[in-house]
Each structure stands twice: as structure tokens, then as C-alpha cells.
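*Asks:* Submitted below is the structure of interest, expressed as C-alpha cells.
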Amino acid sequence: MATLSGLILTLKQTDVQKTLQIVGVTYGYTLTCSDVEYERNVSFDVSVDIIGDDLVDDDLLASGVDRHIVECDTLPIEMRRSFAVGQSLLDEDIGTDEIKLRVCVRDSAGGETYAMTGIVKGDF
Numbered sequence: 004m005a006t007l008s009g010l011i012l013t014l015k016q017t018d019v020q021k022t023l024q025i026v027g028v029t030y031g032y033t034l035t036c037s038d039v040e041y042e043r044n045v046s047f048d049v050s051v052d053i054i055g056d057d058l059v060d061d062d063l064l065a066s067g068v069d070r071h072i073v074e075c076d077t078l079p080i081e082m083r084r085s086f087a088v089g090q091s092l093l094d095e096d097i098g099t100d101e102i103k104l105r106v107c108v109r110d111s112a113g114g115e116t117y118a119m120t121g122i123v124k125g126d127f
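Quick look at the structure:
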């Protein structure tokens with residue numbers, strides 16, 4: 004199964020986005036395919052879950068966002084993607100909010116792997 008590495012996450016709000024109460028989400032990852040996956044021309048369905056990090060149980064804030072397809076290559080594939088969400092979606096705690104993403108990769112045979120970004124703190 005392909006592997007995920009180098010996950011990054013940034014959350015930003017411009018003054019206009021603050022007025023509109025939206026947050027820009029930018030994330031990235033590197034997907035490395037196996038030789039067999041490349042030879043079989045495997046493509047992967049990639050989706051992202053937005054998670055609120057908590058002490059005991061994490062909160063699933065949104066699932067399956069920013070779905071896209073990635074085709075295998077011989078070299079690692081570096082992806083950088085962005086989308087916007089409503090600010091209230093990220094308001095998962097009283098006080099400081101701790102947000103992370105889970106990047107999920109699925110192949111057509113049902114294989115699945117995922118990895119988490121680091122936590123980004125903010126007051127949403």
C-alpha cells in the first residue's frame with residue numbers, strides 16, 4: 004500500500020475572511036506508491052477529515068472533505084491543496100481550539116491508509 008508522509012497544515016484568516024467568518028485551510032502531503040502499484044497503474048481516492056483534538060476523545064468535525072484522485076507515479080507525489088470552511092466548524096472547544104486533519108487514501112481494491120497532520124491551535 005502507498006505511504007503518506009510529510010503532512011502539513013496551516014489555518015489562516017485574512018481580514019476579509021474574518022468578516023465573512025471563514026477560515027482558509029491549506030494542507031499538504033507526500034504520497035509514495037509501491038513499484039507494484041505503479042506497474043498496475045493504481046489510482047487513489049484521497050479525502051480529508053477535520054478533527055478537533057481533545058484530551059480524551061477527538062471530535063470529528065467534518066468528514067470526506069476535499070476529495071480528489073491521485074494517480075501513481077515512480078517518484079513520490081507532493082500535494083498542496085486549499086479549501087475554506089466556516090469559522091464555526093473549527094470552534095470545537097471553549098477557549099483555544101486544536102485542529103488537525105486526517106488524510107485518508109483508498110485504492111480500488113479496498114486498501115486504506117491514513118495519516119494525521121500536526122495540531123494547529125487557534126481561537127475560532
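Here the numbering used here runs 3 ahead of the position in the sequence shown, where the first position is 1.
Note that the Cβ used here is the ideal one computed from N, Cα and C, for glycine as well.
Source: prediction; values computed, not measured.
1. If contacts are defined as beta-carbon pairs under 8 Å, then Asp34 and Ile80 qualify, I think. What distance do you get, rounded to the angstrom?
2. Quick check on Phe86: buried or exposed, where buried means 16 or more other Cβ atoms within 10 Å of its Cβ?
3. Rounded to whole angstroms, what is the Cα-Cα separation between Thr77 and Gly98?
4. Tell me the residue span of the beta strand (DSSP E) that contains Leu104.
5. Going by beta carbon distance, what residues of the same chain come within less than 6 Å of Glu115, once the five residues before and after it are set aside?
*Replies:* Taking the coordinates as given:
1. Here the sequence assigns Leu to residue 34, which means Asp is not the residue at that position. 5 Å between Cβ atoms; contact.
2. exposed
3. Their Cα atoms are separated by approximately 45 Å.
4. 100-110 is the extent of the beta strand (DSSP E) around Leu104.
5. Closer than 6 Å at the Cβ level, and outside the excluded window around Glu115, lie Arg109.
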